[in-house]
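Novice: What follows is a structure written as structure tokens; I'll ask about it next.
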Amino acid sequence: MRITNQLLSENIVRQIQTLASRQAKLQTQVATGQRITQPEDDPSAVARVIDLTGEQRRIGQYLRNADRALAVSQASFASLQQIKRLSDRASEIATLGAGVISPSAGKAYAAELDQLVEQGVQLANARFGSDHLFAGTAVDQPPFVVERDAAGKVTSLAFVGNGESAPIPLSENASIAANASPETALALRDFFNEVIELRDALAGGDTAVISGLRTRMVNSEDRIVAALAEHGGVQTRIEASRAEQRDRADHLEGRVSAETDADLPSTIVKLNQAQLAYQAALQSGASIMRLSLLDYLQ
């Protein structure tokens, strides 16, 4: 079969272009450290990387969920801690009021309790961002409303939130409710109503009512302590889940790197070989294409 000079030239140019393309690809891999720059470089590896990056995005969302859940639980815990301090002082006043005290002392204690109630209402209606912490899922409105007398004093406290919770996903098969439970909200309602009763009993010098309130307040205080313990457990669980998801994220990062990262020592060797082959092809192509019919006749 006769090979024309044009066909020979086209074959030489095609081979040189192929070598140039391979050299450019290897140079890009060395410069970026990435083995895959286009889907056609390794279609099966690209498919695996797509699956892995999808899982990475899901884990990233779980980590953001955990951060949010932890922040909500910590904010609820902080409010409950302050309410617990109020309850400690209210219980102390109840103990003092059950003894023999003067009417003026009783009124002084009542005035202090009135301030504790006002402060407690603010804490019970605490918010994290724009969401009320103790409202269940009705986070857009204060969960506790008060009634006041003509003098402006709080006479009762009512819970108007709901008993629902919005679980936050921490993984494919686990979620957690980070906000306060309905039991906690009801415990706060009962406790502050008991403080209001104690205030009125102290103002009126009714020691019998004060003695009965002491036991009820201790029970309510125990419920607040239980809520604090519950949030401590929630935070421990969130931290454990967050650590697990971070480990998964690190593992996935390693798998993605294994699929996409170039083996630099091997790639550099291949690049040197490609450069030598390219230079040799240029030289040999130039020599061949300079030959004429007279060269063959000689």
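My numbering puts the sequence shown at residues 1 to 298.
Glycine included, each C-beta is placed from N, C-alpha and C at the ideal position.
Because the structure is a prediction, the values reported are computed rather than measured.
1. For threonine 302, which of helix, strand or coil comes out of DSSP?
2. With H, G and I counted as helix, E and B as strand and the rest as coil, what does DSSP make of aspartate 114?
3. Mapping the DSSP letters down to three states, classify glutamate 239 as helix, strand or coil.
4. Rounded to whole angstroms, what is the Cα-Cα separation between arginine 255 and glycine 129?
5. I need the boundaries of the beta strand (DSSP E) containing proline 169, first residue and last residue.
6. Following the continuous beta strand (DSSP E) through phenylalanine 144, name the residue where it begins and the one where it ends.
7. Say whether the region 43 to 59 touches the region 77 to 89, bearing in mind that this needs 3 or more beta-carbon pairs closer than 8 Å, one atom from each stretch.
8. From phenylalanine 191 to isoleucine 59, what distance separates their C-alpha atoms?
9. According to DSSP, is aspartate 295 part of a helix, a strand, or is it coil?
10. Under 8 Å by Cβ, that's how I've got alanine 174 and serine 220 pegged, so tell me the actual separation to the nearest angstrom.
11. Quick one: any contact between the region 97 to 106 and the region 131 to 142, if contact means 3 or more CB pairs under 8 Å?
12. Please report the straight-line C-alpha distance between glycine 161 and glutamine 122, rounded to a whole angstrom.
13. According to the neighbour-count rule (16 or more other Cβ atoms, all chains shown, within 10 Å of its Cβ), is histidine 231 buried or exposed?
14. Please name the residue or residues paired with histidine 251 in a DSSP beta bridge.
15. Tell me which residues share the same chain as glutamine 74 and place their Cβ nearer than 7 Å to its Cβ, disregarding the 5 neighbours each side in the sequence.
16. Shortest alpha-carbon distance to arginine 68 belongs to which of Ala203, Thr184 and Ile168?
17. Under a Cβ-count criterion, where at least 16 other Cβ atoms within 10 Å of its own Cβ denotes burial, should alanine 166 be classed as buried or exposed?
18. Tell me which same chain residues have a C-beta within less than 6 Å of the C-beta of isoleucine 238, skipping the five on either side of it?
19. Which residue marks the beginning of the alpha helix (DSSP H) containing serine 73, and which one marks its end?
20. Among Leu252, Arg199, Ala249 and Ile176, whose alpha-carbon lies nearest the alpha-carbon of glycine 97?
Specialist: Straight from the coordinates:
1. Nothing about residue 302 can be read from this structure; the chain reaches only from 1 to 298.
2. In the sequence shown, residue 114 corresponds to position 114, counting from 1. In this structure, aspartate 114 counts as helix in the three-state DSSP scheme.
3. Sequence index remark: in the sequence shown, residue 239 carries index 239 (1-based). Correct three-state label for glutamate 239: helix.
4. Locating residue 255 in the sequence shown gives position 255, where the first residue counts as 1. Locating residue 129 in the sequence shown gives position 129, where the first residue counts as 1. Spanning the two alpha carbons is a distance of roughly 38 Å.
5. Taking the first residue of the sequence shown as 1, we reach residue 169 at position 169. First-last of the beta strand (DSSP E) with proline 169: 168 to 171.
6. Counting from one through the sequence shown, the residue named residue 144 turns up at place 144. Run containing phenylalanine 144: 144 to 148, per the beta strand (DSSP E) assignment.
7. no
8. One-based indexing of the sequence shown puts residue 191 at position 191. One-based indexing of the sequence shown puts residue 59 at position 59. The straight-line gap from Cα to Cα measures roughly 41 Å.
9. On the sequence shown, position 295 is the one that residue 295 refers to. Reliability of the predicted coordinates at aspartate 295 is poor, the pLDDT of 49 falling under 50, and no value is obtained from them.
10. Here residue 174 is taken as the residue at index 174 of the sequence shown, counted from 1. Here residue 220 is taken as the residue at index 220 of the sequence shown, counted from 1. The Cβ separation is near 32 Å, so there is no contact.
11. no
12. Numbered from 1 along the sequence shown, position 161 holds the residue referred to as residue 161. Numbered from 1 along the sequence shown, position 122 holds the residue referred to as residue 122. If I take the Cα positions, the gap works out to 15 Å.
13. Here residue 231 refers to the residue found at position 231 of the sequence shown. Buried, because 16 or more other Cβ atoms sit within 10 Å of the Cβ of histidine 231.
14. Along the sequence shown, read from residue 1 onward, the residue named residue 251 stands at position 251. Answer is none; histidine 251 lacks a bridge partner.
15. Working through the sequence shown from its first residue, we reach residue 74 at position 74. Gln235.
16. Your numbering for residue 68 matches position 68 in the sequence shown. Cα-wise, what sits closest to arginine 68 is Ile168.
17. As a working mapping, residue 166 is identified with position 166 in the sequence shown. Exposed.
18. Here residue 238 refers to the residue found at position 238 of the sequence shown. Closer than 6 Å at the Cβ level, and outside the excluded window around isoleucine 238, lie Ala66, Ala69 and Leu70.
19. As a working note, residue 73 is residue 73 in the sequence shown. Taken as a continuous stretch (DSSP letters only), the alpha helix (DSSP H) holding serine 73 covers 43 to 97.
20. As a working note, residue 97 is residue 97 in the sequence shown. Ranking Leu252, Arg199, Ala249 and Ile176 by Cα distance to glycine 97 puts Arg199 first.
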